[in-house]
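Data first, discussion second: the structure below is written as structure tokens.
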Amino acid sequence: MFFLGKIPQSVEKLLDRLQTLSERLMEGFSAESVSQTFSNESQILDLFATEQLGCIRSGVVTIVSKGVEVACYEAGDLVGVSRVFGLPYSDLKVDEPVEIDLIQRDHFVQFVNSDPMRQHRWSNYLLTLAALYQEVLAHFHVQVQVQTPKGFQQISEGDVIIREGDIADTVYQLMSGSADVTVNNVTVGEVLNGEIFGAMAVFTGEERNATVTARQDCQLLAIPKNQFVDLIRAQPETAITLLDNMSRRIKSLNEQVIRQSARIA
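Per our numbering: the sequence shown ends with 265, consecutive numbering throughout.
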């Protein structure tokens, strides 16, 4: 599990502990489970049977509470635990394909109860989860402040996402759709599905040097400037994605320069 945004060290330690406990808890699990792939679902728990929980094999699942994305589950995390035991639960949605092992509740309970050490790990897991939510609640209660809405955003075709000359306070990732990049009303590139954009001006502190306009209806992940570094620290693969995107754009610009030079010649 991980949170977007700055979190205290106490929460980071609890997240690490929870991940370790989850892995150890499921060691040796051989009861019947069904692996299923979910994609672009607003509530994947609706697709679970009443007495099924899941263990994420690959991908990321977003936790949504009262319409707000609050955190994400990742590979190795258990999902649907509260629901399967009749407790209140948050919505879980996915924007990219996710593979989940579906487990019958009775099989899981039998597995846990079959070994005293496993029972201890399960109790420890639940206590750590409770402590985690308590720490997060306390942290955000102190940090509550009015700010520009971020998170997942729906953008209509033709809408401007970034405007040339604006102050850079947000980094974006295009979750679906595509967009055009223009400078002085001249198209110089494009943003494709999955790409991160808007980071350069955030890093340099300069104004936006290009305009990005939705070519079609898009879904974006908007990350505030002060949270982007925290995201890279928590998810290093984000930096790799960013470098890949920048490399593609530089190559595209070089090709445009070569074509323009050939025309002039």
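Cβ coordinates follow ideal geometry from the N, Cα and C atoms, glycine included.
The model shown is predicted, which means the values in this text are computed figures rather than measured ones.
Q | Whole-angstrom distance between N185 and G151, CA atom to CA atom | A | For the purposes of this step, residue 151 is identified with residue 151 of the sequence shown, where counting begins at 1. For the purposes of this step, residue 185 is identified with residue 185 of the sequence shown, where counting begins at 1. Taking the straight line joining both Cα atoms gives about 28 Å.
Q) Would a C-beta distance cut-off of 8 Å place R266 and A179 closer than the cut-off? A) Look at the range of the chain in this structure, 1 to 265, and you will see that residue 266 is not part of it.
Q) Can the beta-carbon of S39 be found less than 8 Å from the beta-carbon of P97? A) Counting from 1 along the sequence shown, the entry for residue 39 is found at position 39. Counting from 1 along the sequence shown, the entry for residue 97 is found at position 97. Going by C-beta atoms, S39 is nearer than 8 Å to P97.
Q | Residues near Y172 by beta carbon distance below 6 Å, same chain, minus five either side | A | One-based indexing of the sequence shown puts residue 172 at position 172. Correct list, in chain order: F197, G198, L220, A222.
Q) Given a threshold of 16 other Cβ atoms within 10 Å of its Cβ, counted over all protein chains shown, does Q52 qualify as buried or as exposed? A) Your numbering for residue 52 matches position 52 in the sequence shown. Its Cβ being crowded by 16 or more others within 10 Å, Q52 is buried.
Q. Is any heavy atom of the ligand GDP found at a distance shorter than 7 Å from the C-beta of A49?
A. Of the ligands one can find in the structure shown there are none, so the ligand GDP has no counterpart to examine.
Q.
Out of V68, E69, G76, which one is the CA nearest neighbour of L15?
A. Residue numbering aside, residue 15 sits at position 15 when the sequence shown is read from its first letter. For L15, the nearest C-alpha among the options comes from G76.
Q: Taking M200 as part of the alpha helix (DSSP H), name the residues at either end of that continuous run.
A: Numbered from its first residue, the sequence shown carries residue 200 at position 200. Where M200 is concerned, the enclosing alpha helix (DSSP H) stretches over 199-204.
(Q) Using only the alpha-carbon positions, how far apart do E285 and R208 sit? (A) With the chain represented from 1 up to 265, any question about residue 285 goes unanswered, as that position is not in the structure.
Q) Quick one: what does DSSP say D106 is sitting in, helix, strand or coil? A) Your numbering for residue 106 matches position 106 in the sequence shown. If DSSP states are grouped into helix, strand and coil, D106 belongs with the helices.
Q. Below 8 Å between beta carbons: does that hold for E135 and V229?
A. Here the question's residue 135 lines up with position 135 in the sequence shown. Here the question's residue 229 lines up with position 229 in the sequence shown. No, Cβ-Cβ distance for E135 and V229 is not below 8 Å.
Q. What separation, rounded to the nearest whole angstrom, lies between the Cα atoms of I7 and G28?
A. On the sequence shown, position 7 is the one that residue 7 refers to. On the sequence shown, position 28 is the one that residue 28 refers to. Approximately 33 Å, taken between the alpha carbons.
Q: Give me the Cα-Cα distance between F22 and T50, rounded to the nearest whole angstrom.
A: For the purposes of this step, residue 22 is identified with residue 22 of the sequence shown, where counting begins at 1. For the purposes of this step, residue 50 is identified with residue 50 of the sequence shown, where counting begins at 1. In the sequence as presented, Phe is not what sits at residue 22; that position holds Ser. Cα to Cα, the separation comes out at about 22 Å.
Q) Among the residues of its own chain, which have a CB less than 6 Å from the CB of T148, if the five just before and after it don't count? A) By one-based count along the sequence shown, residue 148 stands at place 148. Note that T148 scores 42 on pLDDT, short of 50, meaning its location in the model is unreliable; the coordinates nonetheless yield the value given after this. If we look at T148 and ignore the five residues flanking it on each side, it has no Cβ neighbours.
(Q) One question on the structure: do D95 and M175 come within less than 8 Å of each other, judged by their Cβ atoms? (A) On the sequence shown, position 95 is the one that residue 95 refers to. On the sequence shown, position 175 is the one that residue 175 refers to. Yes, Cβ-Cβ distance for D95 and M175 is below 8 Å.
Q) Got a sec? Which residues, its chain only, sit under 8 Å from E41 by beta carbon, not counting five neighbours each side? A) For this step, residue 41 is matched to residue 41 along the sequence shown. Hits under 8 Å: L47, K93, V94.
Q.
DSSP has F152 in a bridge; who is on the other side?
A. On the sequence shown, position 152 is the one that residue 152 refers to. In DSSP, F152 forms a bridge with L221.
Q) Excluding five sequence neighbours on each side, which residues of the same chain lie with their C-beta closer than 8 Å to the C-beta of Q145? A) For the purposes of this step, residue 145 is identified with residue 145 of the sequence shown, where counting begins at 1. Only weak support exists for where Q145 lies, its pLDDT of 41 falling under 50; the value from the coordinates is given anyway. So the list is empty, once near-sequence residues are dropped.
Q | Assigned secondary structure, L18 (DSSP; H/G/I helix, E/B strand, else coil) | A | Counting from one through the sequence shown, the residue named residue 18 turns up at place 18. Three-state DSSP puts L18 in a helix.
Q: Measure the beta-carbon distance from C280 to T62 and round it to whole angstroms, keeping in mind my assumption that it falls under 8 Å.
A: The chain is shown only over 1 to 265; residue 280 falls outside these bounds and no answer can be derived.
(Q) Residues in the same chain with beta-carbon distance under 7 Å from G165, minus the five sequence neighbours each way, listed in chain order, please. (A) Taking the sequence shown and counting its residues from 1, the one referred to as residue 165 is at position 165. Closer than 7 Å at Cβ, skipping near neighbours: E207, R208.
Q) Among Q19, I167, V84, which residue has its Cα nearest to the Cα of E74? A) Within the sequence shown, the letter at position 74 stands for residue 74. Of Q19, I167, V84, the residue nearest in Cα terms is Q19.
Q. With 16 other CB atoms within 10 Å as the buried threshold, where does Y133 fall?
A. As a first step, residue 133 is located in the sequence shown; it is residue number 133 there, counting from the start. Per the 10 Å Cβ criterion, exposed.
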